[in-house]
Structure formats: structure tokens, C-alpha cells
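Participant:
Residue numbers (the working numbering): 521 to 613.
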């Protein structure tokens with residue numbers, strides 16, 4: 521398989537993500553969808569209704585290897601805490 525075909529292959533990964541309270545007005549999960557072309561399933565979340573605490577999310581990210589890597593780089597650039605559940609981009613449905 522060529523490198524180009526490899527990066528266009530679909531995969532998925534599951535992450536746990538902490539979004540600090542200072543980012544609660546930022547559309548971080550929405551940006552994963554609109555800017556990186558990912559399908560995002562929120563498997564679980566812990567949120568405070570009064571925005572005093574950090575948000576915790578259990579997310580399933582689906583897309584091409586490039587899309588997943590781009591989304592993870594975006595989250596890393598925001599300096600968010602991320603825990604990977606699997607090898608992710610290497611796995612396919």
C-alpha cells in the first residue's frame with residue numbers, strides 16, 4: 521500500500537480529554553468536526569453547569585489517518601490533557 525493510500529485509510533481512536541475551564545467558551549469538539557473532518561462520538565462527559573470546573577470527555581474519533589492525526593495535533597497545540605485508549609489511527613472497523 522502506498523503512503524498516500526495509507527493516510528487516506530479510515531480508522532478510529534478513543535481518547536479521554538480534559539478541557540480546562542478557561543476553554544469552556546471555545547468550540548473545541550466542534551472544531552474537531554468542522555476543521556478536521558472527524559466524526560466525533562461523545563461516549564461520556566462530566567461537566568459542571570456553573571463552569572467552575574474542568575470538563576472531562578470520553579471521545580471516539582473516526583476519520584482518515586490524516587484527519588485523526590490533525591485533530592490530535594490540534595488538541596496538543598491547545599496543551600490539553602489527552603489519554604489514548606488504543607493505537608487508534610492504525611485500527612480500522
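Ideal Cβ positions, reconstructed from N, Cα and C, are used throughout, including at glycine.
One question on the structure: do residue 591 and residue 552 come within less than 7 Å of each other, judged by their Cβ atoms?
Facilitator: yes
Participant: Look at the Cβ atom of residue 539, then the Cβ atom of residue 548, and state whether they are nearer than 7 Å.
Facilitator: yes
Participant: Looking only at its own chain, which residues have a Cβ that is under 8 Å from the Cβ of residue 572, when we skip the five neighbours before and after it?
Facilitator: 541
Participant: With H, G and I counted as helix, E and B as strand and the rest as coil, what does DSSP make of residue 538?
Facilitator: strand
Participant: Going by beta carbon distance, what residues of the same chain come within less than 6 Å of residue 602, once the five residues before and after it are set aside?
Facilitator: 535, 537 and 595
Participant: Let's test the definition: count the other Cβ atoms within 10 Å of the Cβ of residue 533 and tell me whether it reaches 16, buried, or not, exposed.
Facilitator: buried
Participant: Use the C-beta contact count for residue 599: other C-beta atoms within 10 angstroms, 16 or more gives buried, fewer gives exposed.
Facilitator: exposed
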